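J.: In the numbering used here, the protein residues as written are 2 to 108.
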């Protein structure tokens, strides 16, 4: 039996792509793990349940990482903001936490 996978929503793909662009432009923000996840999220790959849970674990740990410093108004974006976007931004948080709740309910 094939393992169930989950399609990444368009808003999550877009946010991850923006995170990759910001990382490239600025030369900072995120870790290797975050960059790898952003590649997966932005590419249209489907994620396993384990990967979705991994994404959901990122957000509670990093909710206070200078997310308001988003690069608008001629300021440089913070490391935290770029990393947040690599993991799918607010859309990634909402999507992964909803799926986490559904997976836990089924378990």
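The beta-carbon is built from N, C-alpha and C at its ideal position, and this holds for glycine as well. Bear in mind that the values here come from a model prediction, so they are computed numbers and not experimental data.
1) Locate the alpha helix (DSSP H) running through residue 15, then write down its first and last residues.
2) Would you report the Cα separation of residue 78 and residue 21, rounded to the nearest angstrom?
3) Once you ignore the five residues that flank residue 26 on each side, which residues in its own chain have a CB closer than 8 Å to its CB?
4) Would you call the CB atoms of residue 53 and residue 12 closer than 9 Å?
5) Run the CB neighbour count on residue 34, radius 10 Å, all protein chains shown included, and call it buried at 16 or more, exposed below.
6) Identify, in the order they occur along the chain, each residue of the same chain with its Cβ nearer than 6 Å to the Cβ of residue 19, setting aside the five sequence neighbours on each side.
7) Just to confirm the assignment, what range does the alpha helix (DSSP H) spanning residue 42 have?
8) Going along the chain, which residues of its own chain have a beta-carbon closer than 7 Å to the beta-carbon of residue 8, five neighbours each way excluded?
T.: Looking at the coordinates:
1) Residue numbering aside, residue 15 sits at position 14 when the chain shown is read from its first letter. That run of the alpha helix (DSSP H) goes 11–27.
2) In the chain shown, residue 78 corresponds to position 77, counting from 1. In the chain shown, residue 21 corresponds to position 20, counting from 1. Taking the straight line joining both Cα atoms gives about 13 Å.
3) Locating residue 26 in the chain shown gives position 25, counting from the first residue. Result list for residue 26: empty, nothing under 8 Å.
4) Numbered from 1 along the chain shown, position 52 holds the residue referred to as residue 53. Numbered from 1 along the chain shown, position 11 holds the residue referred to as residue 12. For residue 53 and residue 12, no; Cβs fall outside 9 Å.
5) Position 33 of the chain shown, counted from the start, is the residue given in the question as residue 34. Exposed, because fewer than 16 other Cβ atoms sit within 10 Å of the Cβ of residue 34.
6) Residue 19 sits at position 18 when you count from the first residue of the chain shown. These residues qualify, in order along the chain: 86.
7) Residue mapping note: residue 42 aligns to position 41 of the chain shown, counting from 1. Per DSSP, residue 42 belongs to the alpha helix (DSSP H) from 33–44.
8) Here residue 8 refers to the residue found at position 7 when the chain shown is read from its first residue. So the qualifying residues of the chain are 47.
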